[in-house]
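Everything in the sequence shown is counted per this note's numbering, starting at 11 for the first residue and increasing by one. Working notes, structure below.
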Amino acid sequence: MDLVSHSSLHTERLGERLGALAAPNDVFALSGELGAGKTVLARGIAAGLGIEPAEITSPTFIILREHGGGRLPFFHLDLYRLEGADLTNTGWEEALDAGGVTVIEWPDRAGDALPDDRVDVRLEHIADTKRRVVFAATGPRSRHLVQELRTSVVGA
């Protein structure tokens with residue numbers, strides 16, 4: 011599914027819809043160049059879970075940040091600074107098994123370790139504040155989630 015976001019607020023609201031639809035163990039893999047809006051979308055997902063969006067910042071230097079206080083735990087990973095494919099000491103596996111919602115920025119750094127069933131989201135610059143947002147499901151749960159999002163956004 012392809013959408014166009016016209017502002018960072020629109021991107022955050024799109025994330026909020028995802029968060030509202032999310033269930034335990036859902037995984038969102040966010041890719042795009044620096045400044046594309048990955049953390050903005052993550053902030054929206056957290057808001058949709060009932061977590062204060064102002065608490066969500068990119069965990070670039072610590073790799074994993076856990077947020078509570080919402081209807082599900084929220085795990086936010088940023089693999090940008092990860093050297094090689096060594097996820098061992100990041101808390102990655104524990105986050106994926108904790109029954110929360112996991113958002114992964116720079117998922118390409120995880121290689122084959124990514125969960126089989128996830129929503130891949132690619133954000134692309136179109137203009138200064140405009141982004142193309144492409145959603146791709148990789149399994150049965152993620153297909154259902156993308157379909158729910160489509161219905162929520164476009165009503166079909």
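The beta-carbon is built from N, C-alpha and C at its ideal position, and this holds for glycine as well. These numbers come from a predicted model, not from an experiment.
query                                                                                                                                                        : result
For the stretch 141 to 155 and the stretch 115 to 122, state whether three or more C-beta atom pairs, one from each stretch, are separated by less than 8 Å. : no
Taking 7 Å as the limit between beta carbons, can you name the residues of its chain near Asp126, skipping five residues before and five after?              : Thr148, Gly149
Mind listing, in chain order, the continuous alpha helix (DSSP H) runs of no fewer than 4 residues lying wholly within the stretch 43 to 127?                : 48 to 58, 102 to 106
For the alpha helix (DSSP H) that contains His154, what are its first and last residues?                                                                     : 150 to 164
In three-state DSSP terms, what is Ser15?                                                                                                                    : strand
On the criterion of 16 or more Cβ atoms from any shown chain inside 10 Å, does Leu28 qualify as buried, or is it exposed?                                    : buried
Straight-line CA distance for Glu76 to Thr49?                                                                                                                : 14 Å
Report back the beta-carbon spacing between Leu155 and Leu31 to the nearest angstrom; my notes put them in contact at under 8 Å.                             : 6 Å
Given a cut-off of 8 Å on the beta-carbon distance, is the pair Thr112 and Leu92 in contact?                                                                 : no
Taking the beta carbon of Gly60 as the centre, do at least 16 other beta carbons fall within 10 Å, making it buried, or is it exposed?                       : exposed
Excluding the 5 residues flanking Val163 on each side, which residues of the same chain have their C-beta closer than 6 Å to its C-beta?                     : none
Does Ala166 pass the burial test, meaning 16 or more other C-beta atoms within 10 Å, or should it be called exposed?                                         : Low per-residue confidence applies at Ala166: pLDDT is 49, beneath 50, and the placement is therefore not dependable, though the value from the model is reported in the following sentence. Exposed, because fewer than 16 other Cβ atoms sit within 10 Å of the Cβ of Ala166.
Quick check on Ala147: does DSSP put it in helix, strand or coil?                                                                                            : strand
Cα separation between Ser15 and Ser68?                                                                                                                       : 20 Å
Is it buried or exposed, Leu19, if we count other Cβ atoms within 10 angstroms and call 16 or more buried?                                                   : exposed
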